[in-house]
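To start, the structure under review is shown below, and the notes come after it.
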Amino acid sequence: MKRRRVAITGVGVACPLGAEKSEFLAALAQGRSGVAPIRSFPAEDLEVRIAAEISGFPPEGFFNAKELRRMDRFTLLAAYCAEKAVADSRLDLDALDPVRAAVMMGTGIGGLEEIISQHDALLQKGPGRVSPLTVPRAMSGAAASLVSMRLGLHGPAFSVSSACTSGANAILSAAWQVRHGMSDVVLAGGTEATLNRLTLSGFINMKALSRRNDNPSGACRPFDQDRDGFVMGEGAGVIVLEEMDRAKARGAEIYAEVLGGAMTSDAFNVCLPDPDGRWAARAMRDAMADAEVATERISYINAHGTGTKAGDEIEAKAIRDVFGDHASGIPVSSTKSMLGHLLGASGAVEIVACLLSMRNNLIHRTLNLENPDPACLGLDFVAEGTREAGLDCVLKNSFGFGGHNVALVLGRV
Amino acid sequence: MSSVAEIVIEVIAEKMGVPKEDVKPEAHLVNDLNVDSLDQADIVMELEEKFDMSVSEEEAAKIRTVGDIIKYIEQHKS
Numbered sequence: 159m160k161r162r163r164v165a166i167t168g169v170g171v172a173c174p175l176g177a178e179k180s181e182f183l184a185a186l187a188q189g190r191s192g193v194a195p196i197r198s199f200p201a202e203d204l205e206v207r208i209a210a211e212i213s214g215f216p217p218e219g220f221f222n223a224k225e226l227r228r229m230d231r232f233t234l235l236a237a238y239c240a241e242k243a244v245a246d247s248r249l250d251l252d253a254l255d256p257v258r259a260a261v262m263m264g265t266g267i268g269g270l271e272e273i274i275s276q277h278d279a280l281l282q283k284g285p286g287r288v289s290p291l292t293v294p295r296a297m298s299g300a301a302a303s304l305v306s307m308r309l310g311l312h313g314p315a316f317s318v319s320s321a322c323t324s325g326a327n328a329i330l331s332a333a334w335q336v337r338h339g340m341s342d343v344v345l346a347g348g349t350e351a352t353l354n355r356l357t358l359s360g361f362i363n364m365k366a367l368s369r370r371n372d373n374p375s376g377a378c379r380p381f382d383q384d385r386d387g388f389v390m391g392e393g394a395g396v397i398v399l400e401e402m403d404r405a406k407a408r409g410a411e412i413y414a415e416v417l418g419g420a421m422t423s424d425a426f427n428v429c430l431p432d433p434d435g436r437w438a439a440r441a442m443r444d445a446m447a448d449a450e451v452a453t454e455r456i457s458y459i460n461a462h463g464t465g466t467k468a469g470d471e472i473e474a475k476a477i478r479d480v481f482g483d484h485a486s487g488i489p490v491s492s493t494k495s496m497l498g499h500l501l502g503a504s505g506a507v508e509i510v511a512c513l514l515s516m517r518n519n520l521i522h523r524t525l526n527l528e529n530p531d532p533a534c535l536g537l538d539f540v541a542e543g544t545r546e547a548g549l550d551c552v553l554k555n556s557f558g559f560g561g562h563n564v565a566l567v568l569g570r571v
Numbered sequence: 091m092s093s094v095a096e097i098v099i100e101v102i103a104e105k106m107g108v109p110k111e112d113v114k115p116e117a118h119l120v121n122d123l124n125v126d127s128l129d130q131a132d133i134v135m136e137l138e139e140k141f142d143m144s145v146s147e148e149e150a151a152k153i154r155t156v157g158d159i160i161k162y163i164e165q166h167k168s
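The listed protein sequences derive, respectively, from chains B and L. Position one of the first sequence corresponds to residue 159 (the working numbering), numbered consecutively onward. Position one of the second sequence corresponds to residue 91 (the working numbering), numbered consecutively onward.
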């Protein structure tokens, strides 16, 4: 079978920088940080008291009472974004063969909020008071299945879980699903809502998080020599992937084409990346090979760029290794410098950032990069502010605990 | 203090997201209020907690209408 082309025709986002694509784009263009003191739960006694929270989600009236009761926050986020993405794509779901439409939703953890609250009920009130909705709310496949239910899609619907690469992993898998003719439309993305005392304490004790409580907007400093860790966030991003001929035939506005991608595993350590970045580099190289795009054609790299000591240094090295002499001429920026780290949703929301950048001819900055780390030298991190630029091909990196590496190439149509 | 009927109606209306006027004693849970088995388990649990009682599975299975729930609680609450 001929390799089919894959178009992206819609986006939906709910993140600390906005729950509408226009808000998100404005925040990216302005270089605004979404990090602030934690408001949604008591954090006074914790060593980290800042995070990137979404305020006012879900919007009043978007879900009915039964839906609110049936879904954990990570599922609500996915369902909201999926609906926004479908509306954005102007896709007529009734005109689809529903079995040819799939849902692939990345989540690193799933319904942990629900597990925590029901475990509290178990300990405090006893087994007879554990909600009968515990399992359907907590299961990590809930986001994908609820999206299929709400939209009436009858193709495969499943969750993809690979820590912080989950969202990018889901989107690349979805692109291949369309490329190889197994589905005509896939709603794919990532969702994560695990901002709570348990997860935060785990990350604090792992020494993974920035402790700049007195300077929230300056806390996430990818590639800066004074970076001291990432900032936890929550949110979701969902996109509509569609077979190209179909998208063109219905006159869809196409954000970009998924030209190709690759996934590799470090097989090294559950938290630390391979010290040489070999497999991250291999993912980038293989993604460009899969896309049939030479290094010279990449006009922008959206980094994984979390703001951790080891991660940023190794990513910078991997980019230098892959791009060689071209490396210094390619703008590289980290959306997390503003957005925080949305864990399993990060790759998906950052892909939405790339799509909005491509459509609006801009490259957002890397915020808080004041003193580039000598170990990250040789790259153009767009530290000074937003740039205007026509983007032909964009490389997106996404890495995760467990040694997962995903790289994806998006092309202008 | 609210009557048993008022509390039952309030819980069902809140759980199902419907106006209290729709939750009449004669309303059939499945046919009129779209209550499925999970909803019913959830509603019964909340009422057990509110009235400090427990409803056996056999008793819960006999419930058909809002009125059945009200009557059961009135007869069995401590």
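Quick reminder that beta carbons are idealized off the backbone N, C-alpha and C, glycines included. In this text the structure is predicted, and so the values were computed from the model without any measurement.
Bridge partner(s) assigned by DSSP for residue i
i	result
Phe388 of chain B	B:Leu367
Ala210 of chain B	B:Gly391
Val545 of chain B	A small correction: the amino acid at residue 545 of chain B is Arg; Val does not occupy that position in the sequence shown. According to DSSP, Arg545 of chain B bridges with B:Ile521.
Lys554 of chain B	B:Asn460, B:Leu566
Asp382 of chain B	B:Pro530
Ile397 of chain B	B:Val169, B:Ala346
Val108 of chain L	According to DSSP, which records beta bridges pairwise, Val108 of chain L is partnered with nothing at all.
His499 of chain B	B:Met390
Phe316 of chain B	B:Met262
Val490 of chain B	B:Ile459
Asp538 of chain B	B:Pro489
His118 of chain L	L:Thr155
Glu415 of chain B	B:Ala165, B:Gly569
Gly176 of chain B	B:Cys173
Met421 of chain B	B:Val564
Pro433 of chain B	Per DSSP, none; premise fails for Pro433 of chain B.
Pro195 of chain B	B:Ile208
Per-residue contacts from residue i into chain B (C-beta, under 7 Å)
i	result
Glu139 of chain L	Arg287
Met106 of chain L	Ala223, Lys224
Residue j beta carbon less than 8 Å from that of residue i
i	j	result
Ala445 of chain B	Leu399 of chain B	no
Val564 of chain B	Gly419 of chain B	yes
Leu568 of chain B	Val336 of chain B	no
Glu546 of chain B	Leu520 of chain B	yes
Ser504 of chain B	Ser556 of chain B	yes
Gly348 of chain B	Gly313 of chain B	no
Ser491 of chain B	Val428 of chain B	no
Phe388 of chain B	Gly465 of chain B	yes
Gly548 of chain B	Ala321 of chain B	no
Glu350 of chain B	Gly393 of chain B	yes
Gly189 of chain B	Gly543 of chain B	yes
Ile488 of chain B	Lys554 of chain B	no
His166 of chain L	Met143 of chain L	yes
Gly561 of chain B	Ser423 of chain B	yes
Ala259 of chain B	Ser198 of chain B	no
Ala177 of chain B	Leu345 of chain B	no
Ile477 of chain B	Leu537 of chain B	yes
Tyr238 of chain B	Ala301 of chain B	no
Ala410 of chain B	Thr233 of chain B	no
Residue i beta carbon near the ligand FMN (any heavy atom closer than 7 Å)
i	result
Gly325 of chain B	This structure lacks the ligand FMN, and indeed carries no ligand of any kind.
Proximal chain B residues relative to residue i, where beta-carbon distance stays under 8 Å
i	result
Ser144 of chain L	Gly286
Asp112 of chain L	Ordered by position in chain B, no residue passes the 8 Å Cβ test against Asp112 of chain L, which lies about 13 Å from the chain.
Asp132 of chain L	Arg227, Ser289, Pro290, Leu291
Cβ contact check for the region 305-320 of chain B and the region 460-478 of chain B: 3 or more pairs under 8 Å: No: fewer than three Cβ pairs fall under 8 Å.
Interface positions of the region 290-317 of chain B facing chain L (Cβ-Cβ less than 9 Å), listed along the chain: For the region 290-317 of chain B, which is checked against every Cβ of chain L, the residues closer than 9 Å are Pro290, Leu291, Pro294.
Validate contact between the region 107-122 of chain L and the region 494-501 of chain B using beta carbons, cut 8 Å, 3 pairs: Counting Cβ pairs under 8 Å, fewer than three are found: no touch.
Short-range partners of chain L found in the region 193-227 of chain B, where Cβ spacing is below 7 Å: Along the region 193-227 of chain B, going in chain order, the ones with a CB nearer than 7 Å to a CB of chain L are Asn222, Ala223, Lys224, Arg227.
Under 7 Å (Cβ pairs) to chain B, residues found in the region 119-130 of chain L: Across the region 119-130 of chain L, CB contacts with chain B closer than 7 Å involve Leu128, in sequence order along the chain.
Contact between the region 470-488 of chain B and the region 392-410 of chain B (3+ Cβ pairs under 8 Å): Not touching, per the Cβ criterion.
Cβ contact (3+ pairs, closer than 8 Å) linking the region 193-212 of chain B and the region 239-252 of chain B: Taking a contact to require three or more Cβ pairs closer than 8 Å, the region 193-212 of chain B and the region 239-252 of chain B do not qualify as touching.
Segment contact, 8 Å Cβ cut-off, at least three pairs: the region 365-376 of chain B with the region 284-303 of chain B: A contact between stretches requires three or more CB pairs, one per stretch, nearer than 8 Å, and the region 365-376 of chain B fails this requirement with the region 284-303 of chain B.
Contact the region 211-221 of chain B vs the region 265-276 of chain B: 3+ CB pairs below 8 Å: Taking 8 Å as the limit for Cβ pairs, the verdict is that the region 265-276 of chain B does not touch the region 211-221 of chain B.
Contact the region 277-284 of chain B vs the region 195-205 of chain B: 3+ CB pairs below 8 Å: Counting Cβ pairs under 8 Å, fewer than three are found: no touch.
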